[in-house]
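Convert by adding 274 to the 1-based position in the sequence shown; the result is the number in my numbering.
Working notes, beginning with the structure itself.
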Amino acid sequence: MSSQIAGVLQLTVLIAALGLAYRPLGDYMAKVYSSEKHYKPEKWIYKAIGANPAAEMRWPAYLRGVLAFSAVSVLFLYLMQRVQGSLPGSLGFSSIDPDQAFNTAASFVANTNWQSYYGEQAMGHVVQTGGLAVQNFVSAAVGMAVAVALVRGFARSRSGELGNFWADLVRGTVRILLPISVIGAIVLVACGAIQNFSGIHQVGQFMGGTQEWNGGAVASQEAIKELGTNGGGYFNANSAHPFENPNPLSNLFEIFLILLIPFALTRTFGRMVGSLKQGYAILGTMAVIWVGFVALMMWTEFAHRGPAFEIAGGAMEGKETRFGIAGSSLFAVSTTLTSTGAVNSFHSSYTGFGGGITMLGMQLGEIAPGGVGSGLYGMLIMAIIAVFIAGLMVGRTPEYLGKKIGTRQIKFAACYILITPALVLGFTAVAMALPTPGNSMTNTGAHGFSEILYAYTSGANNNGSAFAGLNADTQWFNTTIGIAMLLGRFLPMVFVLALAGSLAEQKPVPETAGTLRTDKPLYVGLLVGTILIITGLTYFPALALGPLAEGLAS
């Protein structure tokens, strides 16, 4: 069997598995966020934090809950790293330096999981499981809560109330993320991933020195790392490490976990707004972009150019032979079109165009299907922009799901889509203009520029994957990428929740003959075009200086 055919079969199996899980999981999540019942463990949590889960919140109160919880999480995780040397189970590792502790705390709370450290050489068991793994759950639950709040904004009228943040946070964690992660961890252990709390032990001699490995609760952290579109690896090699991702079966299962909730949330959206067709339209948009990127990446990486590529069957540099080009390409596209950031290969070693595809996937806003929660609300923002553009074409007030899209709503949407490009391009320009940041680049020219552009693209879009080659463990990059991650995560949420509140205050607008049908293939095409055009106009000059220049020169 050729590698290309194997790639098509993997893609087919993955789509079939996602299709089987789509309806039951999507419906279940809709019931979770619509239920008025609270389980006993959830009541204990509410009592411990002093929250009233039955109290409805308007958007300012909901936002305060998001920001307050996240601020406390950053502080807690920062302090945990700073005192690691005094904690039990630290494996002898010292406390983390202030700039790196800030970067890591910001990263995991912002659902980015950018890592400027070697996981197996820096973090002990307590920080890994009690700090990083906990944030893998709750940061994902925060994203889902904000997405559900926006959906309620479309579904409700004349109220301005968006639900209760604390109830959404707890339910998303306890009823959705936790049970699926338990099942996922069991599957990964069965595939060969490790799960223990052993210390550091020697495994033999290597190049004149002693080779050492440390164990850890890897399978359980790997499950929520992928399911919550987090991405932070227990080991520096991330999902290319055999302890995290042992074989092609575990590789395909991890990709399945990455895409599972983001795709299924479109069903949840359709169910909660009372129109499954609207959910299918959003799903179709996501699927068209995702499949297109996968096909383009495989074509790029399988292209034979020169004897080395012909012997290897494609561009195998930086890729695991366990997964090959197909499994690596499928993983790379899925992780950069979501906010996962996990890698099973090194994107810096991809072809010039291949590296550009991974970068463009993040620059789209990671909405196809995007991160857990963030993908849905990002896509709904783009849906509003598309409706607005269509309204301008025909000269009528745009409407979406029975809500008028007026000046106020389009301002919120415009601010949302401008924040991330401003952070990415601004920080990249400053880093390239200053003398010191450039010293961190391993390469010069277009590829060196791509390393820095990729780093800020990954940070501001809350992805977390790295282009490799860039030494990001410096005070400059730890601080600026940390700031980019926090601003890129929480500033957009301000406008999402403000938009949700403004929509929830409106009364429904009756559908007329002139209303744009947003559940038809024509609208899906308009939405795909809007996404690609907005992104292309924003990032094309920067991409032309980096991956496009490199690809054309090769």
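Quick reminder that beta carbons are idealized off the backbone N, C-alpha and C, glycines included.
Legend entry - the stretch 507-526 in contact with the stretch 537-546 per 3-pair CB rule at 8 Å: By the Cβ test, the stretch 507-526 is not in contact with the stretch 537-546, since fewer than three Cβ pairs between them sit closer than 8 Å.
Legend entry - Alpha carbon of residue 751 to alpha carbon of residue 816, nearest angstrom: By 1-based counting over the sequence shown, the position of residue 751 is 477. By 1-based counting over the sequence shown, the position of residue 816 is 542. Going from the Cα of residue 751 to the Cα of residue 816 covers about 19 Å.
Inset, instruction - Could you check the C-alpha separation between residue 493 and residue 669 for me, to the nearest Å? - result: Here the question's residue 493 lines up with position 219 in the sequence shown. Here the question's residue 669 lines up with position 395 in the sequence shown. C-alpha separation (whole angstroms): 55 Å.
Inset, instruction - Name the residue from 519, 615, 633 whose alpha carbon lies nearest to the alpha carbon of residue 571. - result: Along the sequence shown, read from residue 1 onward, the residue named residue 571 stands at position 297. Here the closest residue by C-alpha is 633.
Inset, instruction - Alpha carbon to alpha carbon, how far is residue 418 from residue 311? Give it in angstroms, no decimals. - result: As a position in the sequence shown, residue 311 is number 37, starting the count at 1. As a position in the sequence shown, residue 418 is number 144, starting the count at 1. As the crow flies, the alpha-carbon of residue 311 is around 19 Å from that of residue 418.
Legend entry - Three-state secondary structure assigned by DSSP to residue 718: As a first step, residue 718 must be located in the sequence shown, where it is residue number 444. Here residue 718 carries a coil assignment [DSSP, helix/strand/coil].
Legend entry - Environment of residue 532 [buried if 16+ CB atoms lie within 10 Å]: Along the sequence shown, read from residue 1 onward, the residue named residue 532 stands at position 258. Residue 532 counts as buried, since at least 16 other C-beta atoms from the protein chains shown sit within 10 angstroms of its C-beta.
Inset, instruction - Using the Cα positions of residue 290 and residue 277, report the straight-line distance between them to the nearest angstrom. - result: The count along the sequence shown starts at 1 and reaches residue 290 at position 16. The count along the sequence shown starts at 1 and reaches residue 277 at position 3. So the alpha carbons of these two residues sit roughly 20 Å apart.
Legend entry - Counted within 10 angstroms of its Cβ, other Cβ atoms place residue 836 as buried (16 or more) or exposed: Residue 836 lies beyond the range of the chain shown here (275 to 828); nothing can be said about it.
Inset, instruction - To the nearest angstrom, report how far apart residue 823 and residue 626 are at their CA atoms. - result: Numbered from its first residue, the sequence shown carries residue 823 at position 549. Numbered from its first residue, the sequence shown carries residue 626 at position 352. Computed Cα separation, rounded: 8 Å.
Inset, instruction - Mark residue 749 as exposed unless 16 or more other C-beta atoms lie within 10 angstroms of its C-beta, in which case mark it buried. - result: Numbered from its first residue, the sequence shown carries residue 749 at position 475. Counting Cβ neighbours within 10 Å, residue 749 comes out exposed, since fewer than 16 surround it.
Legend entry - First and last residue of the uninterrupted alpha helix (DSSP H) at residue 256: Only positions 275 to 828 of the chain appear in the structure, and residue 256 is not among them; the question remains open.
Inset, instruction - State the CB to CB distance for the pair residue 653 and residue 559, rounded to an integer number of angstroms; the pair is presumed to be in contact (CB under 8 Å). - result: If you number the sequence shown from 1, residue 653 lands on position 379. If you number the sequence shown from 1, residue 559 lands on position 285. Sure, about 7 Å apart at Cβ, within 8 Å.
Inset, instruction - Kindly provide the ranges of any alpha helix (DSSP H) runs that are 4 or more residues long and lie completely inside the stretch 566-646, ordered along the chain. - result: For the stretch 566-646, whole alpha helix (DSSP H) runs of length 4 or above, ordered along the chain, are 581-586, 598-611, 626-637.
Inset, instruction - Tell me whether residue 332 sits in a helix, a strand or coil according to DSSP, three-state version. - result: Looking up residue 332 in the sequence shown gives position 58. Three-state DSSP puts residue 332 in a strand.
Inset, instruction - With DSSP collapsed to three states, give me the class of residue 399. - result: Counted from its first residue, the sequence shown places residue 399 at position 125. In this structure, residue 399 counts as helix in the three-state DSSP scheme.
Inset, instruction - Pull up the distance between the alpha-carbon of residue 353 and that of residue 374, whole angstroms please. - result: Locating residue 353 in the sequence shown gives position 79, counting from the first residue. Locating residue 374 in the sequence shown gives position 100, counting from the first residue. For residue 353 and residue 374, the distance between alpha carbons rounds to 12 Å.
Legend entry - Spatial neighbours of residue 701 in its chain, beta-carbon cut-off 7 Å, leaving aside the 5 residues before and after: Here residue 701 corresponds to residue number 427 of the sequence shown, with the count starting at 1. In chain order, 730, 754, 758 place their CB closer than 7 Å to the CB of residue 701, counting only its own chain and leaving out the 5 sequence neighbours on each side.
Legend entry - Beta-carbon proximity check, residue 725 vs residue 712, cutoff 8 Å: Indexing the sequence shown from 1 puts residue 725 at position 451. Indexing the sequence shown from 1 puts residue 712 at position 438. No, Cβ-Cβ distance for residue 725 and residue 712 is not below 8 Å.
Legend entry - N-terminal and C-terminal residue of the alpha helix (DSSP H) that residue 388 is part of: Working through the sequence shown from its first residue, we reach residue 388 at position 114. Taken as a continuous stretch (DSSP letters only), residue 388 belongs to no alpha helix (DSSP H), as it is neither H nor E.
Inset, instruction - Output the distance between the C-alpha atoms of residue 687 and residue 802, rounded to the nearest integer angstrom. - result: Locating residue 687 in the sequence shown gives position 413, counting from the first residue. Locating residue 802 in the sequence shown gives position 528, counting from the first residue. Residue 687 and residue 802 have their C-alpha atoms spaced approximately 17 Å apart.
Legend entry - Start and end residues, alpha helix (DSSP H) containing residue 495: As a position in the sequence shown, residue 495 is number 221, starting the count at 1. Boundaries of the alpha helix (DSSP H) around residue 495: 492-501.
Inset, instruction - With residue 317 as the anchor, note down where its alpha helix (DSSP H) starts and where it stops. - result: The sequence position of residue 317 within the sequence shown is 43, counting from 1. For residue 317, the enclosing alpha helix (DSSP H) begins and ends at 314-323.
Legend entry - Own chain, CB closer than 6 Å to residue 756, minus 5 neighbours either side, in chain order: Translated into the one-based positions of the sequence shown, residue 756 becomes position 482. These residues qualify, in order along the chain: 376, 377, 380.
Legend entry - Proximal residues to residue 521 (C-beta, below 8 Å), its chain only, five neighbours per side dropped: Your numbering for residue 521 matches position 247 in the sequence shown. Sequence-distant Cβ neighbours of residue 521 in its own chain, meaning closer than 8 Å and more than five residues away, are 465, 466, 596.
Inset, instruction - Determine, using beta carbons only, whether residue 685 and residue 780 come nearer to each other than 8 Å. - result: Stepping through the sequence shown from its first residue, residue 685 is reached at position 411. Stepping through the sequence shown from its first residue, residue 780 is reached at position 506. In this structure, residue 685 lies away from residue 780, with their beta-carbon atoms at least 8 Å apart.
Inset, instruction - With DSSP collapsed to three states, give me the class of residue 409. - result: Translated into positions along the sequence shown, residue 409 becomes position 135. Correct three-state label for residue 409: helix.
Inset, instruction - Taking all protein chains shown into account, decide if residue 313 is buried (16 or more other Cβ within 10 angstroms of its Cβ) or exposed. - result: As a first step, residue 313 must be located in the sequence shown, where it is residue number 39. Residue burial is scored here from C-beta neighbours: residue 313 has fewer than 16 other C-beta atoms within 10 angstroms and is therefore classed as exposed.
Inset, instruction - Rank 613, 601, 299 by C-alpha distance to the C-alpha of residue 387 and give the top, closest one. - result: Here residue 387 refers to the residue found at position 113 when the sequence shown is read from its first residue. Of 613, 601, 299, the residue nearest in Cα terms is 613.
Legend entry - Collapsed DSSP secondary structure at residue 485 in the structure displayed: The residue you call residue 485 lines up with position 211 of the sequence shown. Three-state DSSP puts residue 485 in a strand.
Inset, instruction - Count the other CB atoms, across all protein chains shown, that sit within 10 Å of the CB of residue 484; report buried if there are 16 or more and exposed otherwise. - result: As a position in the sequence shown, residue 484 is number 210, starting the count at 1. Its Cβ having fewer than 16 others within 10 Å, residue 484 is exposed.
Inset, instruction - Compute the Euclidean distance between the alpha carbons of residue 806 and residue 735, then round it to the nearest angstrom. - result: For the purposes of this step, residue 806 is taken as the residue at position 532 of the sequence shown. For the purposes of this step, residue 735 is taken as the residue at position 461 of the sequence shown. Answer to the nearest angstrom: the Cα atoms are 16 Å apart.
Legend entry - Cut-off 6 Å between Cβ atoms - residues of its own chain near residue 591, not counting five sequence neighbours on either side: Within the sequence shown, numbered from 1, the residue matching residue 591 stands at position 317. If the five residues before and after residue 591 are omitted, its C-beta is found closer than 6 Å to the C-beta atoms of 623, all from its own chain and listed in chain order.
Inset, instruction - Could you give the DSSP three-state label for residue 693: helix, strand or coil? - result: The residue labelled residue 693 in the question sits at position 419 within the sequence shown. Residue 693: helix per DSSP, three-state reduction.
Legend entry - Span separating the alpha-carbon of residue 663 from that of residue 655: The residue you call residue 663 lines up with position 389 of the sequence shown. The residue you call residue 655 lines up with position 381 of the sequence shown. Here the alpha carbons of residue 655 and residue 663 stand approximately 13 Å from one another.
Legend entry - Nearest candidate by alpha-carbon position, reference residue 809, set 733, 714, 820, 695: For the purposes of this step, residue 809 is taken as the residue at position 535 of the sequence shown. When the alpha-carbon of residue 809 is set against those of 733, 714, 820, 695, the nearest one is in 695.
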